[in-house]
Amino acid sequence: MTRHLPPFLAALLLAACTTTGTQMPAEGWREDAPTPQFEASGRMGVKENERGSYANFDWLRTAALQLFEVKTPLGNSVGRLCQDSRGVEAVASNGQVYRAASTAELSQQLLGYDLPVAYLDRWANGLRVPGEPYSILPDGRLQQMGWRIQRNLDENGQVRLLHMERSGLSLRLIFDRFGQPERSPANCNDTEQAV
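Each step along the sequence shown adds one to the number in the numbering used here, with nothing skipped, and position 48 is 52.
Okay, here's the thing in structure tokens:
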């Protein structure tokens, strides 16, 4: 059962945008590669039991941390999620801070169930989660950890769409920008003005 939370937290911890680009072929889901560092931005939608939330996002993934910020269409921050070696924290626009040792624990604490936030960076890069059972569906989607994951690429071979779904829940990220990071904060405290 979902607990009562500000809408940004459900969106932050995991749409109805159009599917664009070419779907990644089944053989593209590799496991034997490290997750690359990247910086990305775009639009996202979360749909839970026919109720949807939509926002923009900025995403930074470096060797030291992962930072995901949800924004309004006008660019105002709605909330941010940052994970580093000390754990994970979510900060709401009103300044309220939620902390946990892992994204799974934070998701369970705030929503009552586990969202695969810790694995989005791998799936966005066409990589499976190491050591976790998986299957490749006939349409080329990856099925892993209870999720069906579709990844579409643009004409340059970069991710354009990441769509994940399971019963009653769908998360869709449309990437406007995806490339090498221009900055590399050492921890979450260094990211206050980073995104």
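Each residue gets a CB set at the ideal place from its N, CA and C atoms; glycine is no exception.
- Burial is judged here by how many other beta carbons sit within 10 angstroms of a residue's own beta carbon; S139 has fewer than 16 and is exposed.
- For W63, the enclosing beta strand (DSSP E) stretches over residues R55 to R65.
- Following the DSSP letters along the chain, one finds L124 inside the alpha helix (DSSP H) bounded by residues L124 to A128.
- Three or more beta-carbon pairs drawn from the segment 38-56 and the segment 170-180 are found closer than 8 Å, and the two stretches are therefore classed as touching.
- Counting of Cβ neighbours within 10 angstroms places R90 among the exposed residues, the total staying below 16.
- A check of alpha carbon separations from T76 across A96, D143, A67 and S106 identifies A96 as the nearest.
- Judged by beta-carbon spacing, A59 lies beyond the 8 Å limit of S188, meaning their Cβ atoms are not closer than that value.
- Contact between G46 and I178 holds, with the beta-carbon distance rounding to 5 Å and staying under 8 Å.
- For Q41, there is no enclosing beta strand (DSSP E), as DSSP marks it with neither H nor E.
- Among the bridge pairs identified by DSSP, Q70 is matched with R65 and Q87.
- Annotation for A104: the continuous beta strand (DSSP E) segment containing it runs V101 to A104.
- Sequence-distant Cβ neighbours of E186 in its own chain, meaning closer than 8 Å and more than five residues away, are E43.
- Minimum Cα-Cα distance from W151 among the listed residues L119, P134, P142 and N160 corresponds to L119.
- Membership of L146 in the beta strand (DSSP E) is indicated by the continuous run L146 to Q148.
- Residue range L173 to G183 is occupied by the beta strand (DSSP E) that includes L177.
- For A94 and L78, the gap between their C-alpha atoms comes out near 21 Å.
- Closest in C-alpha terms to N193, from the list A122, D180 and L85, comes L85.
- The C-alpha of L71 lies about 15 Å from the C-alpha of A128.
- Approximately 12 Å separates the beta-carbon atoms of R155 and L141; this is outside 8 Å, ruling out the contact.
- Beta bridge pairing from DSSP links L131 with R34.
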